[in-house]
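Single-structure report; data block below.
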Amino acid sequence: MNQLTLEWQEAGQKQTQTISDQQASKNPGTVRIGRDPVRCDIVLSHPTVSGLHIEIYFNAWQQRFYLRNMRETNPPWVDGGRLDVPEVALNQGTTIYLGEAQLKVTGVSIVESNVPPTILISPHAHSTKEGKFPATPHRNNPTVPPAVPNGANQTYGLQCPKCQRISPYSRLDIGCPWCGTSLAAAASVLIAPNKVNQGVPPHES
Numbered sequence: 006m007n008q009l010t011l012e013w014q015e016a017g018q019k020q021t022q023t024i025s026d027q028q029a030s031k032n033p034g035t036v037r038i039g040r041d042p043v044r045c046d047i048v049l050s051h052p053t054v055s056g057l058h059i060e061i062y063f064n065a066w067q068q069r070f071y072l073r074n075m076r077e078t079n080p081p082w083v084d085g086g087r088l089d090v091p092e093v094a095l096n097q098g099t100t101i102y103l104g105e106a107q108l109k110v111t112g113v114s115i116v117e118s119n120v121p122p123t124i125l126i127s128p129h130a131h132s133t134k135e136g137k138f139p140a141t142p143h144r145n146n147p148t149v150p151p152a153v154p155n156g157a158n159q160t161y162g163l164q165c166p167k168c169q170r171i172s173p174y175s176r177l178d179i180g181c182p183w184c185g186t187s188l189a190a191a192a193s194v195l196i197a198p199n200k201v202n203q204g205v206p207p208h209e210s
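In this text, residue positions in the sequence shown follow our numbering: the first is 6, and each later residue adds one.
Dropping the structure here:
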């Protein structure tokens, strides 16, 4: 079992929570953190924390825990820097600020497993008639998707873990439009914006 431990202060008391990749949660596959107890698994009471601020999930492709920003207008700060990409890998010692609330990653335990690295889709890749990328895309070393320079004709998408099609981030809470699989633990890929799968699923036509 893969686990990550968070520590923070709540009402002057130290709190700890261990997250695992197999635990039950309000959004299967992720653990959500924020101020709203209805939507979040870990609730922080500080008024500067958004209702649903971030989510943490285990990326089986990269064998690492990731933090995903869920509030574009109030992004988290990670290790002293504002999070300007959709998500970032977490390590032991990582410091996270949600508004003025501080959390720290005090432990990370990963079970060794041989898995393929994260897929980086070439901006020049061509989709098939079904809107699917080629079955053998370029593979990059395991890493967090790099920040894209301003003006570059690229963007981020979510790759469905079942059918491998790429969907925009707006589908995060809805699921894959082709097969219906949850995109909560989907790998992020860096693609050209006009290369997000353009085929429309039959039920959405």
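The beta carbon of each residue, even a glycine, is placed where N, CA and C say it ideally should be. All values reported here derive from a predicted model rather than from experimental measurement.
6 Å CB neighbourhood of T23 in its chain, flanking five on each side removed: Excluding its 5 nearest sequence neighbours in each direction, T23 has C-beta neighbours in its own chain below 6 Å: Q8, T10, listed in chain order.
For Q22, which beta-bridge partners are listed by DSSP? Looking at the DSSP assignment, Q22 forms a beta bridge with L11.
Would you give the residue range spanned by the beta strand (DSSP E) that A94 belongs to? Run containing A94: 92-94, per the beta strand (DSSP E) assignment.
Please look up how many angstroms separate the CB atoms of S172 and L188, rounded, as I've assumed it's under 8 Å. About 6 Å separates the beta carbon of S172 from that of L188, a gap short enough to meet the 8 Å contact definition.
Classify E135 as buried or exposed, calling it buried when 16 or more other Cβ atoms lie within 10 Å of its own Cβ. Annotation note: pLDDT 43 at E135 (below 50); position unreliable, coordinate value reported separately. So E135 ends up on the exposed side.
Cβ-Cβ separation, N74 to P52 (assumed contact under 8 Å), whole Å: P52 to N74, Cβ: 19 Å. No contact.
Drop a sphere of 10 angstroms on the beta-carbon of H143, count the other beta-carbons inside from all chains shown, and report buried for 16 or more, exposed for fewer. The predicted model places H143 with a pLDDT of 43, which falls under 50 and marks its position as unreliable; any figure quoted below should be read in that light. Taking all protein chains in view, the Cβ of H143 is surrounded by fewer than 16 other Cβ atoms within 10 Å, so the residue is classified as exposed.
Neighbour-count burial assignment, A191, 16 or more Cβ in a 10 Å radius: Under this definition A191 is a buried residue.
Residue environment, T35, which counts as buried when at least 16 other CB atoms sit within 10 Å: Looking at its Cβ environment, which holds 16 or more other Cβ atoms inside 10 Å, T35 is buried.
Taking the alpha carbon of G39 as the reference point, which residue from N32, S55, S25 has its own alpha carbon closest? The residue among N32, S55, S25 with its C-alpha nearest the C-alpha of G39 is S55.
Going by beta-carbon coordinates alone, are W2 and L108 separated by less than 8 Å? A query on residue 2 cannot be resolved here, the shown segment of the chain reaching from 6 to 210 and no further.
For S114, the three-state DSSP class (helix, strand or coil): S114: strand per DSSP, three-state reduction.
Beta-carbon of T99 versus every beta-carbon of chain C: anything under 8 Å? Going by chain labels, chain C is absent from the structure shown, which holds only one protein chain.
Exposure of I179, with buried meaning 16 or more beta-carbon neighbours within 10 Å: Flag for I179 reads exposed.
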